[in-house]
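Q: Residue numbers (my numbering), protein chains in the order written: chain L, 13 to 263; chain B, 13 to 263. Here a beta-carbon is modelled for each residue, glycine too, at the ideal position from N, C-alpha and C. From a predicted model like this one, the values you see are computed outputs, not experimental measurements. Got a structure for you, written out below as structure tokens; questions coming shortly.
Protein chains: 2
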Amino acid sequence: MASSQTQPAVVLLSGGLDSATTLAFARSRGFVCHALSFDYGQRHKFELAAARRVATALGAIEHRIVRIDLSAGGGFGHSALTDEISVPKDRPLEDQPSQEGNPKSEIRNPKIKIPVTYVPARNTIFLSIALGYAEVLGAFDIFLGVNAVDYSGYPDCRPEFVEAFERLANLATAAAVEGKGRFAVHAPLIGMTKGQIIRAGLEMGVDYSLTHSCYDPSSDGRACGHCDACRLRRAGFAEAGAADPTRYVEA
Amino acid sequence: MASSQTQPAVVLLSGGLDSATTLAFARSRGFVCHALSFDYGQRHKFELAAARRVATALGAIEHRIVRIDLSAGGGFGHSALTDEISVPKDRPLEDQPSQEGNPKSEIRNPKIKIPVTYVPARNTIFLSIALGYAEVLGAFDIFLGVNAVDYSGYPDCRPEFVEAFERLANLATAAAVEGKGRFAVHAPLIGMTKGQIIRAGLEMGVDYSLTHSCYDPSSDGRACGHCDACRLRRAGFAEAGAADPTRYVEA
Chain L
13 MASSQTQPAV VLLSGGLDSA TTLAFARSRG FVCHALSFDY GQRHKFELAA
63 ARRVATALGA IEHRIVRIDL SAGGGFGHSA LTDEISVPKD RPLEDQPSQE
113 GNPKSEIRNP KIKIPVTYVP ARNTIFLSIA LGYAEVLGAF DIFLGVNAVD
163 YSGYPDCRPE FVEAFERLAN LATAAAVEGK GRFAVHAPLI GMTKGQIIRA
213 GLEMGVDYSL THSCYDPSSD GRACGHCDAC RLRRAGFAEA GAADPTRYVE
263 A
Chain B
13 MASSQTQPAV VLLSGGLDSA TTLAFARSRG FVCHALSFDY GQRHKFELAA
63 ARRVATALGA IEHRIVRIDL SAGGGFGHSA LTDEISVPKD RPLEDQPSQE
113 GNPKSEIRNP KIKIPVTYVP ARNTIFLSIA LGYAEVLGAF DIFLGVNAVD
163 YSGYPDCRPE FVEAFERLAN LATAAAVEGK GRFAVHAPLI GMTKGQIIRA
213 GLEMGVDYSL THSCYDPSSD GRACGHCDAC RLRRAGFAEA GAADPTRYVE
263 A
């Protein structure tokens, strides 16, 4: 990974724990960070407010929110995060698929279970727009907060997806084809557990009280404590041996 | 290429000559076609009206226009198609790069000249959203109207780009990873000259008077006749030995 005090990077920032830590990683490596969030009709808009807070707190030089209106003609998000499908609660975390022992799983793996919170092609769309943004900025580094625990069955959080996008980026763009540089998609958390991510973030000064993870928050933004995101987050703080600053609906 | 009387496909439809012909190809192969256009702040909005006309005339089962607001915070289109950069006029077509003799050009080719009408990562963004749409529809076929002449220096119109996106699609999506099917990105025009495209389209009943190619139309939608798109289109009708139905500013 190139390190620089002046090089720009685009950091995908959802406002959650992982992307906040990813921004801290990019900053700690000296990149001038342009944070990028998306308003794509997600139900948990508290994410976007959290992204604003996190971008400011962690010293992003700018923060843009790109609105993608996929709803023309009826919407095609088709996910518990955008539609009126119930967010799963209190399902055992060990039921979720893991990359363990299968770090390079090829396509058509019948054992992969895709959660209802999967949004079709979401990370592909986000990375594509990040790529266009990076090219305009003259940046060749894109940071993405995917990791093995958050993987949870999402095909677009796997290392082979990240590598395939990086390859595409270097074929797709004028900047790469003209030889001005080579795009790198950094996923610094990809091999870390939630507890390791939180410990690393705390060492870098991340204030996790600013972040939002819950898929099904109350109207005042408190976390439900029972969706996959809340349960992974809670377990992460326990693993890290750190106090969980999250405001839950019930204590 | 799979052929089916009932299989759905997503067809990227700009409203130009090539994408109209591509829709006709997809229809002729029996696909139920869902046409997809983008409102991304392009200056030539006559494209979108043309796309509507073409989708109806060629029997698309639906036509969606997805708005992408890339302008949050100042815009990052950075192209003569979205910004106030002059569209080049009357430049010799033979000055434009061609894939001839270089069908598999690798990245970092210093001879590639990128025109100012290049929009960073445009086809990557369009295909990504088409992929999400296809997955929701249960479609595995995406049609894209890129070709060797329209290539004109655009890195994201090359065969290796199309292949890299197809590979990505099959790693990125639940539908592919669960083994429900394999995504194919079809670029039926990729090896054809403009004249061949027009001849094939006329045989399939495409009414090219409905299409719009010009990058710099008059306020009433007539073509300038001098931008790259106009000149390629004009030369194509001449090559095809067909009457050019385009309404030009000057005859």
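(1) Are the C-beta atoms of Y130/L and some chain B residue less than 7 angstroms apart?
(2) With a threshold of 6 angstroms, establish whether the CB of G71/L neighbours any heavy atom of the ligand MG.
(3) State buried or exposed for A146/B, treating a residue as buried only when at least 16 other CB atoms are found within 10 Å of its CB.
(4) With a threshold of 7 angstroms on Cβ separation, who are the neighbours of A69/B within its own chain once the five nearest residues in sequence on each side are excluded?
(5) A250/B: buried (16+ other C-beta within 10 angstroms of its C-beta) or exposed?
(6) Residues in the same chain with beta-carbon distance under 8 angstroms from R246/B, minus the five sequence neighbours each way, listed in chain order, please.
(7) May I ask you to verify whether the segment 168–175 of chain L touches the segment 206–218 of chain L, counting CB pairs closer than 8 angstroms and requiring at least 3?
(8) Check whether the segment 24–43 of chain L and the segment 64–78 of chain L are in contact - that is, three or more C-beta pairs closer than 8 angstroms.
(9) Pick out whichever of L201/L, S49/L, A67/L, G191/L has its Cα sitting closest to the Cα of S140/L.
(10) Since I137/B meets chain L, which of its residues come closer than 9 angstroms, beta carbon to beta carbon?
(11) Going by C-alpha to C-alpha distance, which of Y130/B, G150/B, R64/B, R179/B sits closest to D168/B?
(12) Just grab the DSSP bridge partners of E190/B for me.
(13) If you reduce the DSSP assignment to three classes, tell me which class E112/L lands in.
(14) Could you please give me the residues that DSSP links to Y260/B through a beta bridge?
(15) For I119/L, which of helix, strand or coil comes out of DSSP?
(16) Would a check of beta-carbon distances place R64/L closer than 7 angstroms to chain B?
(17) So, for G207/L: in the same chain, excluding its five sequence neighbours on each side, which residues have a beta-carbon less than 6 angstroms away from its beta-carbon?
(18) Compute the Euclidean distance between the alpha carbons of A181/B and V261/B, then round it to the nearest angstrom.
(19) Any chance the segment 22–37 of chain B sits against the segment 185–192 of chain B, with 3 or more Cβ pairs inside 8 angstroms?
(20) Tell me the rounded alpha-carbon separation between I210/B and K101/B.
(21) Express the C-alpha separation of A151/L and T296/L in angstroms, rounding to a whole number.
(22) Under the three-state reduction of DSSP, which class applies to D30/B: helix, strand or coil?
(23) Below 9 angstroms on C-beta distance, what does D240/B contact in chain L?
(24) Quick check: is the beta carbon of I4/B nearer than 7 angstroms to any beta carbon in chain L?
(25) According to the neighbour-count rule (16 or more other Cβ atoms, all chains shown, within 10 Å of its Cβ), is T136/B buried or exposed?
(26) Where does V66/B sit, in a helix, a strand or coil, going by DSSP?
(27) Using the Cα positions of K57/B and D153/B, report the straight-line distance between them to the nearest angstrom.
(28) I'd like to know if A250/L contacts chain B, where contact means its C-beta is closer than 7 angstroms to some C-beta of that chain.
(29) What are the start and end residues of the alpha helix (DSSP H) that includes G76/B?
(30) Residues of chain B with CB under 7 angstroms from T185/L, in chain order?
(31) Run through the DSSP bridge pairs and tell me what F155/L is partnered with.
(32) Starting from V148/B and walking both ways along the alpha helix (DSSP H), at which residues does that stretch end?
(33) Which two residues bound the contiguous beta strand (DSSP E) that contains F50/B?
(34) By the 10 Å Cβ neighbour count, where 16 or more other Cβ atoms means buried, how is G157/L classified, buried or exposed?
(35) Could you list which residues in chain L have their beta carbon closer than 7 angstroms to that of V261/B, in chain order?
(36) According to DSSP, K101/L sits in a beta bridge with which residue or residues?
A: With the structure as the only source:
(1) Translated into positions along the first sequence, residue 130/L becomes position 118. With 7 angstroms as the cut-off, Y130/L counts as an interface residue toward chain B.
(2) In the structure shown, the ligand MG is absent, as is every other ligand, since no ligand is present at all.
(3) Residue numbering aside, residue 146/B sits at position 134 when the second sequence is read from its first letter. By the neighbour-count rule (16 or more Cβ atoms within 10 Å), A146/B is buried.
(4) Position 57 of the second sequence, counted from the first residue, corresponds to residue 69/B. Same-chain partners within the cutoff: D219, L222.
(5) Mapped onto the second sequence, residue 250/B falls at position 238. A250/B should be labelled exposed.
(6) Against the second sequence, residue 246/B aligns to sequence position 234. These residues qualify, in order along the chain: G237, D256, T258.
(7) no
(8) Counting Cβ pairs under 8 angstroms, three or more are found: they touch.
(9) Numbered from its first residue, the first sequence carries residue 140/L at position 128. The residue with the shortest Cα to Cα distance from S140/L is S49/L.
(10) Translated into positions along the second sequence, residue 137/B becomes position 125. Going along chain L in sequence order, the residues near I137/B (Cβ under 9 angstroms) are I137, S140, I141, L143, G144.
(11) For the purposes of this step, residue 168/B is identified with residue 156 of the second sequence, where counting begins at 1. The candidate whose alpha carbon is nearest that of D168/B is Y130/B.
(12) Position 178 of the second sequence, counted from the start, is the residue given in the question as residue 190/B. DSSP lists no beta-bridge partner residue for E190/B.
(13) For this step, residue 112/L is matched to residue 100 along the first sequence. Below a pLDDT of 50, predicted positions are generally treated as unreliable, and E112/L, at 38, falls in that range; the measurement from the model is reported next regardless. Of the three classes helix, strand and coil, the one that applies to E112/L here is coil, per DSSP.
(14) The sequence position of residue 260/B within the second sequence is 248, counting from 1. Paired residue(s): A235/B.
(15) Against the first sequence, residue 119/L aligns to sequence position 107. Here the model assigns I119/L a pLDDT of 34, short of 50, so the residue's position is not dependable and the matter cannot be decided.
(16) Locating residue 64/L in the first sequence gives position 52, where the first residue counts as 1. No - not a single Cβ of chain B is within 7 angstroms of the one on R64/L.
(17) Working through the first sequence from its first residue, we reach residue 207/L at position 195. Once the five neighbours on either side are set aside, the close Cβ partners of G207/L are G248, E251, A252.
(18) Here residue 181/B refers to the residue found at position 169 when the second sequence is read from its first residue. Here residue 261/B refers to the residue found at position 249 when the second sequence is read from its first residue. The straight-line gap from Cα to Cα measures roughly 42 angstroms.
(19) no
(20) The count along the second sequence starts at 1 and reaches residue 210/B at position 198. The count along the second sequence starts at 1 and reaches residue 101/B at position 89. If I take the Cα positions, the gap works out to 23 angstroms.
(21) For residue 296/L there is no data in the structure shown, the boundaries of chain L being 13 and 263.
(22) What you label residue 30/B is simply residue 18 of the second sequence in a count that begins at 1. D30/B falls in the helix class under three-state DSSP.
(23) Your numbering for residue 240/B matches position 228 in the second sequence. Neighbours of D240/B on chain L: none; closest Cβ ~16 angstroms, over 9 angstroms.
(24) Examination of residue 4/B is not possible in this model, given that chain B is present from 13 through 263 alone.
(25) Position 124 of the second sequence, counted from the start, is the residue given in the question as residue 136/B. Buried: at least 16 other Cβ atoms inside 10 Å.
(26) One-based indexing of the second sequence puts residue 66/B at position 54. Three-state result, V66/B: helix.
(27) Sequence index remark: in the second sequence, residue 57/B carries index 45 (1-based). Sequence index remark: in the second sequence, residue 153/B carries index 141 (1-based). Straight-line Cα distance between these residues: approximately 27 angstroms.
(28) Here residue 250/L refers to the residue found at position 238 when the first sequence is read from its first residue. No, its Cβ sits nowhere closer than 7 angstroms to a Cβ of chain B.
(29) Against the second sequence, residue 76/B aligns to sequence position 64. Correcting the residue identity first, residue 76/B is Arg in this sequence and not Gly. Careful: R76/B lies outside any alpha helix (DSSP H), inside the beta strand (DSSP E) at 74–81.
(30) If you number the first sequence from 1, residue 185/L lands on position 173. By Cβ distance, chain B contributes P132, A133, P167.
(31) One-based indexing of the first sequence puts residue 155/L at position 143. Paired residue(s): V23/L, H198/L.
(32) Along the second sequence, read from residue 1 onward, the residue named residue 148/B stands at position 136. Note, V148/B: alpha helix (DSSP H), 134–149.
(33) Taking the first residue of the second sequence as position 1, residue 50/B is located at position 38. 44–51 is the extent of the beta strand (DSSP E) around F50/B.
(34) Here residue 157/L is taken as the residue at index 145 of the first sequence, counted from 1. Flag for G157/L reads buried.
(35) In the second sequence, the residue the question calls residue 261/B occupies position 249. Those do not exist, as V261/B stays about 30 angstroms from chain L at its closest Cβ, beyond 7 angstroms.
(36) Numbered from 1 along the first sequence, position 89 holds the residue referred to as residue 101/L. Per DSSP, the beta-bridge partners of K101/L are C239/L.
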